[in-house]
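Q: Here's a structure for you.
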Amino acid sequence: MRTTERTTRIAIARPTAAGRTNILWAMLVSVYRAIRNRVVLNRLQDLDDHQLLDIGLTRSEVRQAATSTFFEDPFPQLRTSARNRSRRMERTP
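Given below as structure tokens:
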């Protein structure tokens, strides 16, 4: 018999209790992280423009980050904006 003529039966494993617990835990952590990020984003919106500039952000960048979906993390975008602004400020005398 040739190798190409053989079929392999793959048993689809059912998730174990520990596996289901890990999936549930990961989902809970994801929801907690999303809620925490939204709380922090709301606190950023409460800052005035001078305070935002101190951390390298503008009001429009915070507003734009607030338009992201609930489970989408807005902070990588804000982090990139703040780093780019910091680098630009270092270059100017």
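Using UniProt numbering, the letters of the sequence shown correspond one by one to residues 1 to 93.
Don't be surprised by glycine CBs; every beta carbon is placed ideally from N, CA and C.
For the alpha helix (DSSP H) containing Thr56, list its first residue and its last residue.
A: Looking at the sequence itself, residue 56 is Gly, so the reference to Thr does not match. Where Gly56 is concerned, there is no enclosing alpha helix (DSSP H), given that its DSSP letter is neither H nor E.
Q: Between the C-alpha atoms of Val29 and Thr16, what's the straight-line distance to the nearest angstrom?
A: Straight-line Cα distance between these residues: approximately 20 Å.
Q: Quick test of your reading: Phe71 and Ala26, contact by CB under 8 Å. State the CB separation rounded to the nearest angstrom.
A: With a Cβ gap of about 13 Å, Phe71 and Ala26 do not count as contacting.
Q: When burial is assigned at 16 or more other CB atoms within 10 Å of the CB, is Ala18 buried or exposed?
A: Ala18 should be labelled exposed.
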